[in-house]
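Asks: Sharing a structure, written as structure tokens. Questions coming.
2 protein chains.
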Amino acid sequence: MLNVAVMGYGVVGSGVCEVIRTNRKSLSEKLGDQVKVKYVLDIKEVAPDDPEASQIIRDFDILLNDPEISVVAEVMGGATFAYDYTKKLLMAGKHVVTSNKELVATKGTELLQIAKEKNVNYLFEASVGGGIPIIRPLYSCLAANEINRITGILNGTTNYILTKMFREGSDFETALREAQEKGYAERNPSADVDGIDACRKIAILASLVFGKEVDCAKVKTVGITNITSSDVAYAEKMNSVIKLIGQAELKNQTVYVSVEPRIIPKGTPLASIDDVFNGIMVNGNAIGEVVFYGPGAGKLPTASAVVADIIDCLRNDHNREYFWTQAASDFVADSADNFGKYLLVTKCADEVAQKLNITDRVFVTDGEWGLVTDVITERELDTVSAYIEKYIKLC
Amino acid sequence: MLNVAVMGYGVVGSGVCEVIRTNRKSLSEKLGDQVKVKYVLDIKEVAPDDPEASQIIRDFDILLNDPEISVVAEVMGGATFAYDYTKKLLMAGKHVVTSNKELVATKGTELLQIAKEKNVNYLFEASVGGGIPIIRPLYSCLAANEINRITGILNGTTNYILTKMFREGSDFETALREAQEKGYAERNPSADVDGIDACRKIAILASLVFGKEVDCAKVKTVGITNITSSDVAYAEKMNSVIKLIGQAELKNQTVYVSVEPRIIPKGTPLASIDDVFNGIMVNGNAIGEVVFYGPGAGKLPTASAVVADIIDCLRNDHNREYFWTQAASDFVADSADNFGKYLLVTKCADEVAQKLNITDRVFVTDGEWGLVTDVITERELDTVSAYIEKYIKLC
Numbered sequence: 001m002l003n004v005a006v007m008g009y010g011v012v013g014s015g016v017c018e019v020i021r022t023n024r025k026s027l028s029e030k031l032g033d034q035v036k037v038k039y040v041l042d043i044k045e046v047a048p049d050d051p052e053a054s055q056i057i058r059d060f061d062i063l064l065n066d067p068e069i070s071v072v073a074e075v076m077g078g079a080t081f082a083y084d085y086t087k088k089l090l091m092a093g094k095h096v097v098t099s100n101k102e103l104v105a106t107k108g109t110e111l112l113q114i115a116k117e118k119n120v121n122y123l124f125e126a127s128v129g130g131g132i133p134i135i136r137p138l139y140s141c142l143a144a145n146e147i148n149r150i151t152g153i154l155n156g157t158t159n160y161i162l163t164k165m166f167r168e169g170s171d172f173e174t175a176l177r178e179a180q181e182k183g184y185a186e187r188n189p190s191a192d193v194d195g196i197d198a199c200r201k202i203a204i205l206a207s208l209v210f211g212k213e214v215d216c217a218k219v220k221t222v223g224i225t226n227i228t229s230s231d232v233a234y235a236e237k238m239n240s241v242i243k244l245i246g247q248a249e250l251k252n253q254t255v256y257v258s259v260e261p262r263i264i265p266k267g268t269p270l271a272s273i274d275d276v277f278n279g280i281m282v283n284g285n286a287i288g289e290v291v292f293y294g295p296g297a298g299k300l301p302t303a304s305a306v307v308a309d310i311i312d313c314l315r316n317d318h319n320r321e322y323f324w325t326q327a328a329s330d331f332v333a334d335s336a337d338n339f340g341k342y343l344l345v346t347k348c349a350d351e352v353a354q355k356l357n358i359t360d361r362v363f364v365t366d367g368e369w370g371l372v373t374d375v376i377t378e379r380e381l382d383t384v385s386a387y388i389e390k391y392i393k394l395c
Numbered sequence: 396m397l398n399v400a401v402m403g404y405g406v407v408g409s410g411v412c413e414v415i416r417t418n419r420k421s422l423s424e425k426l427g428d429q430v431k432v433k434y435v436l437d438i439k440e441v442a443p444d445d446p447e448a449s450q451i452i453r454d455f456d457i458l459l460n461d462p463e464i465s466v467v468a469e470v471m472g473g474a475t476f477a478y479d480y481t482k483k484l485l486m487a488g489k490h491v492v493t494s495n496k497e498l499v500a501t502k503g504t505e506l507l508q509i510a511k512e513k514n515v516n517y518l519f520e521a522s523v524g525g526g527i528p529i530i531r532p533l534y535s536c537l538a539a540n541e542i543n544r545i546t547g548i549l550n551g552t553t554n555y556i557l558t559k560m561f562r563e564g565s566d567f568e569t570a571l572r573e574a575q576e577k578g579y580a581e582r583n584p585s586a587d588v589d590g591i592d593a594c595r596k597i598a599i600l601a602s603l604v605f606g607k608e609v610d611c612a613k614v615k616t617v618g619i620t621n622i623t624s625s626d627v628a629y630a631e632k633m634n635s636v637i638k639l640i641g642q643a644e645l646k647n648q649t650v651y652v653s654v655e656p657r658i659i660p661k662g663t664p665l666a667s668i669d670d671v672f673n674g675i676m677v678n679g680n681a682i683g684e685v686v687f688y689g690p691g692a693g694k695l696p697t698a699s700a701v702v703a704d705i706i707d708c709l710r711n712d713h714n715r716e717y718f719w720t721q722a723a724s725d726f727v728a729d730s731a732d733n734f735g736k737y738l739l740v741t742k743c744a745d746e747v748a749q750k751l752n753i754t755d756r757v758f759v760t761d762g763e764w765g766l767v768t769d770v771i772t773e774r775e776l777d778t779v780s781a782y783i784e785k786y787i788k789l790c
């Protein structure tokens, strides 16, 4: 019997138990032994007919001190108790797998170091892209590559809202309300719509791929709350859509990272990723471009990734060497040095064109111009801030 | 020094050497030691200034008997010498990684068995989807799932030809000629355009995922040589495209496998995969649907997958348990039992509608009807063969 424990019996935790229950037979075949959820740690009351009712415990020390437990799934969320428990478990020589992007993004460096020292694993496939395989492919399948850029639609809630705005002409507030009604957005939607969730995810991907910690606090993060119907109209004039894009790019040992709404031409791979789906595009020096697409959240897809990590630990006991170190303070570029092409909306086209190289004038309505710049830095963009109503970065 | 050997110095073999050379520094960092191509086995003459000129050997026994060589990349192709060499290497306790889909599809069962007994690996990430990570994600990241269906655009040549036919209205012959001029199709294009290559790939994926050998000889395989401009027009009337699709679906312990041109509605994930790109959609009971998209062939992308397998063997010496067994003779369904919806082109709409349940009449021109059936088996389809000009399966 392979005994595992689950910490947190919320949406993902109950999904983990469900996947292990439902696929009991095929998991046994894969592992040569039965997997059992021996403990579920949660302080909530659980209905007596809940399938895991007899597994519920409230005392963390029970699972910490049980030598039969070698793998624990931390699906509690948050960075306080989850941090404390994860650290203790790793120190005790147990593998921890998690969907907790906040904890991985803020404490991953330290936790991975402990896991390495103890020759156990701290795995986090479920922390980015929900069920989409991305962490392991980045580490294993694309290992032959020097990866220079990752670009992703990393948050399903905002993608749902933007899809609505484009498909149905909804404004942001209406689309958000609908996302909340369908359970795709929280009552307090800030972590999603302000880009915080996407920021944690791109920070995790960039840290893993570039081997050095990318601190969320240094990532320029703009959400979608200021996207208006007229922005939708601008994008449509450019035969494009707007997506909230997390991107990390390595150039001369410096990483340029951002989360912001960007204009993406229709017909390119990320433009067609709609609704709550996520898509992640990876550029490597041998592979060229690959895209991973699928459900970026949801109970069973996320549980699928958590259970895959559990299986990985059960199949093979050694440390997987997922690892990144502290970075020098200039590893993440100052956001003023971020660069790209921008759509500028302005009533002062001539003044802007005197200061910046404009490659295209995509529309003019009532004296309001849509200008597309050459590749410029945000510092250069700032020089015209007095003349422009709005800017949106191109992708 | 980590010494490896490459068998076959063609497109992929030279790509493998190039990736190892180009990314020497990052590979050393990942592996903690330098990787060196100690031998390249080929009978061809190599220019004296070729970067691997001093590594070329012609005698297989040199690498077989060199204890410094623990990993060999077999990128020769074919199933005669490659089979003999691979078997000897595995028996000698060396890992073999390969891009050779013909060999994996025809001899994989035996070679994986030997690898297991010798506790070494026979890895074949590059055999399907070129550089796209698919084998390892199926085995590791989606391990928590019971996978019930795999659907893929698995051949870049045919996808390029079909894309041309749709985008530019070319006929098959013209599009093929252009593919040959660009180096996307062989002088003898049969393996691609007749679906043989795609058949090998879906057989490999199905064998891996369902754990039992899917014999190519049992897979209904139809190429694209009979696709005409009028088929393109039919698909366009249905707001769809035609793609050569390999599909394997498990139902009641039986696998239904086919390679054939199919009509796919625009706006669905596989419909937008154009040119030489490949895309593979996997359906699992927890994940729902995920799609992997990228370059399905080409020197460096394929080499990227081969080198990833080399790295995997160097990182960790044990058998990866990729495995499938011989299957009972009825594991692959008789193709007459394959099922789906079909577009039928017929001048006898009434006769057809008397025999089959027709859900839609999508067009009529000059007395020629396009009828869409309900889900039927090929056996049922056969009952109207006298009345129909043509059929194309829907996806």
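From first to last, the protein sequence lines stand for chains U and P.
Residues in the first sequence are numbered from 1 upward in steps of one, following our numbering.
Residues in the second sequence are numbered from 396 upward in steps of one, following our numbering.
No residue lacks a Cβ here, since even glycine has one placed at the ideal position from N, Cα and C.
Whose C-beta lies closer than 8 Å to the C-beta of Phe-672 (chain P) among residues of the same chain, with five residues either side of it excluded?
Replies: Translated into the one-based positions of the second sequence, residue 672 (chain P) becomes position 277. Same-chain partners within the cutoff: Ile-548, Gly-551, Asn-554, Tyr-688, Gly-689, Pro-690, Gly-691.
Asks: Among U:Glu-102, U:Lys-347, U:Asn-316, U:Glu-380, which has the Cα closest to the Cα of Asp-366 (chain U)?
Replies: In the first sequence, residue 366 (chain U) corresponds to position 366, counting from 1. Cα-wise, what sits closest to Asp-366 (chain U) is U:Lys-347.
Asks: Taking Pro-696 (chain P) as part of the beta strand (DSSP E), name the residues at either end of that continuous run.
Replies: Taking the first residue of the second sequence as 1, we reach residue 696 (chain P) at position 301. It is not in any beta strand (DSSP E) - Pro-696 (chain P) instead sits in the alpha helix (DSSP H) that spans 694 to 710.
Asks: In chain order, what residues of the same chain have a beta carbon less than 7 Å from the beta carbon of Ile-388 (chain U), not counting five sequence neighbours either side?
Replies: Indexing the first sequence from 1 puts residue 388 (chain U) at position 388. So the list reads Leu-344, Val-345, Thr-346, Val-352, once near-sequence residues are dropped.
Asks: What separation, rounded to the nearest whole angstrom, lies between the Cα atoms of Ser-258 (chain U) and Asn-678 (chain P)?
Replies: Translated into positions along the first sequence, residue 258 (chain U) becomes position 258. Translated into positions along the second sequence, residue 678 (chain P) becomes position 283. C-alpha separation (whole angstroms): 32 Å.
Asks: Taking 8 Å as the limit between beta carbons, can you name the residues of its chain near Ile-668 (chain P), skipping five residues before and five after?
Replies: Against the second sequence, residue 668 (chain P) aligns to sequence position 273. Cβ within range, chain order: Ile-548, Asn-554, Lys-638, Gly-674, Tyr-688.
Asks: Thinking C-alpha only, which one of U:Lys-218, U:Glu-45, U:Ile-150 is nearest Phe-331 (chain U)?
Replies: The count along the first sequence starts at 1 and reaches residue 331 (chain U) at position 331. With distances taken between Cα atoms, Phe-331 (chain U) lies closest to U:Lys-218.
Asks: Quick one: which residues of the segment 417 to 451 of chain P get their C-beta closer than 8 Å to a C-beta of chain U? List them in chain order.
Replies: The segment 417 to 451 of chain P vs chain U, Cβ under 8 Å: Thr-417, Asn-418, Ser-421, Leu-422, Glu-424, Lys-425.
Asks: Using only the alpha-carbon positions, how far apart do Ile-464 (chain P) and Cys-412 (chain P) sit?
Replies: As a working note, residue 464 (chain P) is residue 69 in the second sequence. As a working note, residue 412 (chain P) is residue 17 in the second sequence. Each residue's Cα considered, the two are about 15 Å apart.
Asks: Does the segment 85 to 104 of chain U come close enough to the segment 122 to 142 of chain U that 3 or more CB-CB pairs lie under 8 Å?
Replies: They touch, by the three-pair rule.
Asks: Is the beta carbon of Tyr-478 (chain P) sitting closer than 9 Å to the one on Leu-498 (chain P)?
Replies: The residue given as residue 478 (chain P) occupies position 83 in the second sequence. The residue given as residue 498 (chain P) occupies position 103 in the second sequence. Yes, they are a contact pair.
Asks: How do the segment 139 to 152 of chain U and the segment 691 to 708 of chain P stand: do at least 3 beta-carbon pairs fall below 8 Å, yes or no?
Replies: Short answer: they touch.
Asks: Does the beta-carbon distance from Asn-119 (chain U) to His-318 (chain U) come in below 9 Å?
Replies: By 1-based counting over the first sequence, the position of residue 119 (chain U) is 119. By 1-based counting over the first sequence, the position of residue 318 (chain U) is 318. Yes, these two residues count as a Cβ contact at 9 Å.
Asks: Taking only runs of the beta strand (DSSP E) that begin and end inside the segment 538 to 625 of chain P, which ones reach a length of at least 3 residues, in chain order?
Replies: You should have 542 to 548.
Asks: Say whether chain P places a C-beta atom closer than 9 Å to the C-beta of Ser-99 (chain U).
Replies: For this step, residue 99 (chain U) is matched to residue 99 along the first sequence. Chain P contact via Cβ: absent.
Asks: Within 9 Å (strictly less), CB to CB, does Glu-321 (chain U) reach chain P?
Replies: In the first sequence, counting from the first residue as 1, residue 321 (chain U) sits at position 321. Chain P, which has a Cβ nearer than 9 Å to the Cβ of Glu-321 (chain U), makes this yes.
Asks: Does the ligand ADP have even one heavy atom less than 8 Å from the beta-carbon of Thr-481 (chain P)?
Replies: The ligand content of the structure shown is nil, which means the ligand ADP is not present either.
Asks: For chain U, is any of its Cβ atoms less than 9 Å away from the one on Pro-690 (chain P)?
Replies: Here the question's residue 690 (chain P) lines up with position 295 in the second sequence. With 9 Å as the cut-off, Pro-690 (chain P) counts as an interface residue toward chain U.
Asks: Please tell me whether Val-609 (chain P) has its Cβ less than 9 Å away from any Cβ of chain U.
Replies: Position 214 of the second sequence, counted from the first residue, corresponds to residue 609 (chain P). No - not a single Cβ of chain U is within 9 Å of the one on Val-609 (chain P).
Asks: Taking C-beta pairs closer than 8 Å, name the residues in chain P that Cys-141 (chain U) reaches, listed in chain order.
Replies: Reading the first sequence from its first residue, position 141 is the one you call residue 141 (chain U). Residues of chain P passing the Cβ test: Glu-520, Pro-528, Arg-531, Pro-532, Ala-700, Ala-703.
Asks: If we count the other Cβ atoms within 10 Å of its Cβ and call it buried at 16 or more, is Asn-188 (chain U) buried or exposed?
Replies: For this step, residue 188 (chain U) is matched to residue 188 along the first sequence. Exposed, since its Cβ has fewer than 16 Cβ neighbours within 10 Å.
Asks: Strictly under 9 Å for the Cβ-Cβ distance: is His-490 (chain P) near chain U by that measure?
Replies: Here residue 490 (chain P) corresponds to residue number 95 of the second sequence, with the count starting at 1. By this cut-off, His-490 (chain P) is not an interface position.
Asks: Are the beta-carbon atoms of Ile-57 (chain U) and Met-91 (chain U) separated by less than 9 Å?
Replies: Within the first sequence, the letter at position 57 stands for residue 57 (chain U). Within the first sequence, the letter at position 91 stands for residue 91 (chain U). No, these two residues do not count as a Cβ contact at 9 Å.
Asks: Measuring CA to CA, which of P:Ile-640, P:Asp-454, P:Val-435, P:Arg-657 is closest to Tyr-629 (chain P)?
Replies: Stepping through the second sequence from its first residue, residue 629 (chain P) is reached at position 234. When each option's Cα is compared against that of Tyr-629 (chain P), the closest is P:Arg-657.
Asks: So the alpha helix (DSSP H) Ser-14 (chain U) belongs to, where does it begin and stop?
Replies: Taking the first sequence and counting its residues from 1, the one referred to as residue 14 (chain U) is at position 14. Start and end: 11 to 22.
Asks: Only counting the same chain, and skipping five residues up and downstream in sequence, which positions put a Cβ closer than 8 Å to that of Val-757 (chain P)?
Replies: Locating residue 757 (chain P) in the second sequence gives position 362, counting from the first residue. Closer than 8 Å at Cβ, skipping near neighbours: Tyr-629, Lys-632, Met-633, Leu-738, Gly-765, Leu-766, Val-767.
Asks: Which residue spans inside the segment 656 to 691 of chain P form an unbroken alpha helix (DSSP H) run of at least 4?
Replies: If we require 4 residues or more, the segment 656 to 691 of chain P turns out to have no alpha helix (DSSP H) run fully inside it.
Asks: Do Asp-309 (chain U) and Asn-23 (chain U) count as a contact pair if the criterion is CB distance below 9 Å?
Replies: Taking the first sequence and counting its residues from 1, one reaches residue 23 (chain U) at position 23. Taking the first sequence and counting its residues from 1, one reaches residue 309 (chain U) at position 309. No, these two residues do not count as a Cβ contact at 9 Å.
Asks: Within the segment 449 to 492 of chain P, note down every full alpha helix (DSSP H) run reaching 4 residues or more, in order along the chain.
Replies: Complete alpha helix (DSSP H) runs here, min 4: 455 to 459, 476 to 486.
Asks: List the DSSP bridge partners of Phe-718 (chain P).
Replies: Translated into positions along the second sequence, residue 718 (chain P) becomes position 323. Phe-718 (chain P) is not bridged to any residue.
Asks: When Cβ atoms are compared, which residues of the segment 675 to 688 of chain P fall closer than 8 Å to chain U?
Replies: Within the segment 675 to 688 of chain P, the qualifying residues are Gly-679, Asn-680, Ala-681, Ile-682, Gly-683, Glu-684, Val-685, Val-686, Phe-687, Tyr-688.
Asks: Under the three-state reduction of DSSP, which class applies to Ala-47 (chain U): helix, strand or coil?
Replies: On the first sequence, position 47 is the one that residue 47 (chain U) refers to. Correct three-state label for Ala-47 (chain U): coil.
Asks: How long is the line joining the alpha carbons of Val-209 (chain U) and Tyr-322 (chain U), rounded to whole angstroms?
Replies: Within the first sequence, residue 209 (chain U) is the residue found at index 209, counting from 1. Within the first sequence, residue 322 (chain U) is the residue found at index 322, counting from 1. Taking the straight line from one Cα to the other gives about 10 Å.
Asks: Considering only the beta carbon of each residue, do Val-609 (chain P) and Gly-590 (chain P) sit closer than 9 Å?
Replies: Position 214 of the second sequence, counted from the start, is the residue given in the question as residue 609 (chain P). Position 195 of the second sequence, counted from the start, is the residue given in the question as residue 590 (chain P). Not closer than 9 Å, so no.
Asks: Lys-355 (chain U) and Thr-383 (chain U) look like a contact to me (Cβ under 8 Å); what is the Cβ gap, rounded to whole Å?
Replies: As a position in the first sequence, residue 355 (chain U) is number 355, starting the count at 1. As a position in the first sequence, residue 383 (chain U) is number 383, starting the count at 1. Confirmed, about 5 Å.
Asks: What do you get for Ser-602 (chain P), buried or exposed, if any count of 16 or more other CB atoms within 10 angstroms of its CB means buried?
Replies: Looking up residue 602 (chain P) in the second sequence gives position 207. Answer is buried; the Cβ neighbour count reaches 16.
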